[in-house]
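J.: Can you keep this structure in mind? I'll have questions shortly.
Chains as they are written, first to last, in our numbering: chain A, 5 to 148; chain H, 5 to 148; chain B, 5 to 148; chain L, 5 to 148.
Quick look at the structure:
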């Protein structure tokens, strides 16, 4: 019998004053920050630190495309879970699907979801580079 | 002979330290802020202030969808121009196309472009509302 | 024999891309955000949520004065600890001393320290209010 | 008869959604950003661009101390003026006094004021450096 689909990586984070706007809710642009924190922790969970990667290999990841749909507002003190799911991993880029959820006594609510495209580049010239083999291989292991 | 296409609204802004990240370039999430500043100034150029709108009519605009493509990095001290073009104006929502450009001695460079979908909502309940007639009519005048 | 001085409240947080600037380090203004996150979690550890406080009592805390000294730069991926120590608790305001530290293989480094003065105000009028008794009493318990 | 005191440098800026928080007002940490924008434009008015300075001389300015007092809240759409006044210019550091004002039909209101201490450092090592002579001399000219 096949294994059930693996649970996507999920990262918890809290909404602070800095995240909100005068509408009383999380400022929509901040979901891009939340998604990025989750991707960073997902990479860390696979053994990769981006600052070390840059220093050791001279490559870094840059975001080339973002598409986000904002479904329901989050408010101060809300506790969110942000998921990371690799949709496509290419030689020099990756496409990641992400969602932000709130779970509380009223149930589970999808707040925002999006697709983030990331390219691997030379940290000095911003020219495309192959994703380091160490990362590619840990992605493959993670998907087995 | 028909008029040439009208020039889109354009808003100039400067890149400061607060906008950059450790890659030495503008942090990609900040283009959503730049686009928002330009939309705010475009509405103001049509005679509408959002804070007054909220107080007087109880409605506000919320962003429901953003799709942005990041083409070329901007750096500290760069002077950008951000354009606003209404792609679609509905009863309770609008779709806006926006671009961020840098013009300098090396020529004109497209840095980022995107599509922002905005909904008109009740400022208390976040339920959809019709776009106030004062705004609809100024959009129509602007497009004639 | 008297108890040893109690350990100050400490909150861990990670440095992400959003926190850095083109100097390659954490943008100094962000330490105010870090300090605020730690104060929020300190209040939560005492049983107080600010959003609930505002809804239930109509009061909120506003920052009236900040003094911060930046000692050593933090970088992407650094893991920090931010401390909270109540220097003075008055009827309608509090003064909090805070520090941000980095602990790693090279030892423990003080990155920034500051003093934050907070006033309790009516959330609608911004007029000074007495700190709710529930908070005052939990501060006293915490200091016993 | 001596000249009257020179008018301090003043930089206008607008409050956008990104600047506000759930209290309905400008998030206090953002005054550090406003002060920085004004200092950057003040340096530019004297002929100095920081990015060019870093590339050409290898030095940059870092903020070492900030003390800010928040007097009155600013709101969405407010138009502010931020002033810059050099209190002290040393060999490797400067102390700048700054204020943020709002002028509207109700008169002129002081929103925040602060003192920012800035050090000149090597952009790679963060070690103290003398302020470039080109800047020192333009400060002196400006104060004559």
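Here a beta-carbon is modelled for each residue, glycine too, at the ideal position from N, C-alpha and C.
Spell out the partners DSSP gives residue 17(B) in its beta bridges.
T.: As a first step, residue 17(B) is located in the third chain; it is residue number 13 there, counting from the start. DSSP, once it has assigned bridges, lists 84(B) as partnering residue 17(B).
J.: If you follow the beta strand (DSSP E) that residue 59(L) is part of, which residue opens it and which one closes it?
T.: Numbered from 1 along the fourth chain, position 55 holds the residue referred to as residue 59(L). Per DSSP, residue 59(L) belongs to no beta strand (DSSP E); it is in the alpha helix (DSSP H), 54-61.
J.: What does a CB cutoff of less than 8 Å around residue 68(L) pick up in its chain, not counting 5 residues either side in sequence?
T.: Position 64 of the fourth chain, counted from the first residue, corresponds to residue 68(L). Around residue 68(L): 97, 121, 122, 123.
J.: Quick check: is the beta carbon of residue 17(L) nearer than 8 Å to any beta carbon in chain A?
T.: Taking the first residue of the fourth chain as 1, we reach residue 17(L) at position 13. It does not; no Cβ of chain A falls within 8 Å.
J.: On a CA-only basis, which of 57(L), 83(L), 11(L), 93(L) is nearest residue 111(L)? Give me that one, please.
T.: If you number the fourth chain from 1, residue 111(L) lands on position 107. It is 83(L) whose Cα lies nearest to the Cα of residue 111(L).
J.: For residue 16(A), count the other beta carbons within 10 Å of its own beta carbon; 16 or more makes it buried, fewer makes it exposed. Which is it?
T.: Indexing the first chain from 1 puts residue 16(A) at position 12. The residue is exposed, with fewer than 16 neighbouring Cβ atoms inside 10 Å.
J.: Just verifying my parser: in three-state terms, what is the DSSP assignment at residue 74(A)?
T.: Numbered from its first residue, the first chain carries residue 74(A) at position 70. DSSP places residue 74(A) in strand when its eight states are reduced to three.
J.: Which one or two residues does DSSP pair with residue 116(L) in a beta bridge?
T.: Start at 1 with the first residue of the fourth chain, and residue 116(L) comes out as number 112. Paired residues: 74(L), 104(L).
J.: Consider the Cβ of residue 37(A): report whether some Cβ of chain B lies at a distance smaller than 8 Å.
T.: Counting from one through the first chain, the residue named residue 37(A) turns up at place 33. Cβ-Cβ to chain B under 8 Å: yes for residue 37(A).
J.: Would you grab the beta carbon distance between residue 116(H) and residue 72(H) for me? Rounded to a whole angstrom, and I think it's under 8 Å.
T.: Locating residue 116(H) in the second chain gives position 112, where the first residue counts as 1. Locating residue 72(H) in the second chain gives position 68, where the first residue counts as 1. The pair is a contact, with the Cβ atoms about 6 Å apart (cut-off 8 Å).
J.: Taking a contact to mean a Cβ-Cβ separation below 8 Å, would you say residue 19(B) touches residue 46(B) in this structure?
T.: Position 15 of the third chain, counted from the first residue, corresponds to residue 19(B). Position 42 of the third chain, counted from the first residue, corresponds to residue 46(B). No. Outside cutoff.
J.: Could you confirm whether any beta carbon from chain A is found closer than 8 Å to the beta carbon of residue 106(B)?
T.: As a working mapping, residue 106(B) is identified with position 102 in the third chain. No, no contact with chain A.
J.: Taking the alpha helix (DSSP H) that residue 35(B) belongs to, which residues open and close that run?
T.: In the third chain, residue 35(B) corresponds to position 31, counting from 1. Start and end: 34-49.
J.: Between the beta-carbon of residue 101(L) and the beta-carbon of residue 38(L), is there less than 8 Å?
T.: Numbered from its first residue, the fourth chain carries residue 101(L) at position 97. Numbered from its first residue, the fourth chain carries residue 38(L) at position 34. No.
J.: Rounding to the nearest angstrom, what Cα-Cα distance links residue 55(L) and residue 99(H) in this structure?
T.: Within the fourth chain, residue 55(L) is the residue found at index 51, counting from 1. Within the second chain, residue 99(H) is the residue found at index 95, counting from 1. Answer to the nearest angstrom: the Cα atoms are 36 Å apart.
J.: Would you please state the rounded distance, in angstroms, between the beta carbons of residue 75(A) and residue 28(A)? I believe it to be under 8 Å.
T.: Along the first chain, one-based indexing puts residue 75(A) at 71. Along the first chain, one-based indexing puts residue 28(A) at 24. Going by Cβ atoms, the distance from residue 75(A) to residue 28(A) rounds to 17 Å, so no, they are not a contact pair.
J.: Near residue 127(B), what residues of its chain come up, given a Cβ to Cβ distance below 7 Å and the 5 sequence neighbours on each side ignored?
T.: On the third chain, residue 127(B) is found 123 positions in, with the first residue counted as 1. Contacts found: 58, 62, 63, 64.
J.: Could you list which residues in chain H have their beta carbon closer than 9 Å to that of residue 20(A), in chain order?
T.: By 1-based counting over the first chain, the position of residue 20(A) is 16. Simply none; closest approach about 16 Å.
J.: In whole angstroms, what separates the C-alpha of residue 134(B) from that of residue 95(B)?
T.: Residue 134(B) sits at position 130 when you count from the first residue of the third chain. Residue 95(B) sits at position 91 when you count from the first residue of the third chain. Roughly 5 Å separates the two Cα atoms.
J.: So residue 44(H) contacts chain L; which residues on that side make the cut at Cβ distance below 7 Å?
T.: The residue given as residue 44(H) occupies position 40 in the second chain. Near residue 44(H) (Cβ distances below 7 Å), the residues of chain L are 20.
J.: When the cut-off is 8 Å and only beta carbons count, does residue 84(B) lie next to chain H?
T.: Against the third chain, residue 84(B) aligns to sequence position 80. It does not; no Cβ of chain H falls within 8 Å.
J.: Just to make sure I have the definition right: I need the residues of chain A whose C-beta is within less than 9 Å of the C-beta of residue 50(B). Which are they?
T.: To locate residue 50(B), count along the third chain from 1; it is residue 46. The premise fails here: residue 50(B) is roughly 14 Å from chain A at the closest Cβ pair, so nothing lies under 9 Å.
J.: Would you call residue 109(L) buried or exposed, if buried means 16 or more other Cβ atoms sit within 10 Å of its Cβ?
T.: Along the fourth chain, read from residue 1 onward, the residue named residue 109(L) stands at position 105. Exposed, by the Cβ-count rule.
J.: Can you give the Cα-Cα distance for residue 35(A) and residue 107(B), rounded to whole angstroms?
T.: Here residue 35(A) refers to the residue found at position 31 when the first chain is read from its first residue. Here residue 107(B) refers to the residue found at position 103 when the third chain is read from its first residue. Whole-angstrom Cα-Cα distance: 29 Å.
J.: Taking its Cβ as the centre, do 16 or more other Cβ atoms sit within 10 Å of residue 139(A), making it buried, or is it exposed?
T.: What you label residue 139(A) is simply residue 135 of the first chain in a count that begins at 1. With 16 or more Cβ atoms within 10 Å of its Cβ, residue 139(A) is classed as buried.
J.: Measure the alpha-carbon distance for residue 32(L) versus residue 132(L) and round it to whole angstroms.
T.: Here residue 32(L) corresponds to residue number 28 of the fourth chain, with the count starting at 1. Here residue 132(L) corresponds to residue number 128 of the fourth chain, with the count starting at 1. Roughly 29 Å separates the two Cα atoms.
J.: Report the partner residues of residue 132(A) according to the DSSP bridge assignment.
T.: Stepping through the first chain from its first residue, residue 132(A) is reached at position 128. Answer is 125(A), bridged to residue 132(A).
J.: Can residue 90(H) and residue 50(H) be called in contact, C-beta distance under 8 Å?
T.: Sequence index remark: in the second chain, residue 90(H) carries index 86 (1-based). Sequence index remark: in the second chain, residue 50(H) carries index 46 (1-based). No, the pair does not count as a contact, with Cβ atoms beyond the cut-off.
J.: Check whether the Cβ of residue 69(H) lies closer than 8 Å to any Cβ atom in chain A.
T.: As a position in the second chain, residue 69(H) is number 65, starting the count at 1. With 8 Å as the cut-off, residue 69(H) counts as an interface residue toward chain A.
J.: Between 25(B), 85(B), 93(B), which has its C-alpha nearest residue 137(B)'s C-alpha?
T.: Taking the third chain and counting its residues from 1, one reaches residue 137(B) at position 133. With distances taken between Cα atoms, residue 137(B) lies closest to 93(B).
J.: Which residues in chain H have a C-beta closer than 9 Å to the C-beta of residue 81(L)? List them in chain order.
T.: Residue mapping note: residue 81(L) aligns to position 77 of the fourth chain, counting from 1. Within chain H, the residues near residue 81(L) are 44, 48, 53, 54, 55, 56.
J.: Is the CB-CB distance between residue 130(H) and residue 12(A) below 8 Å?
T.: Along the second chain, read from residue 1 onward, the residue named residue 130(H) stands at position 126. Along the first chain, read from residue 1 onward, the residue named residue 12(A) stands at position 8. No.
J.: Could you tell me whether the Cβ of residue 150(B) comes closer than 8 Å to any Cβ of chain L?
T.: Outside the displayed range of chain B (5 to 148) lies residue 150(B), so it cannot be described from this structure.
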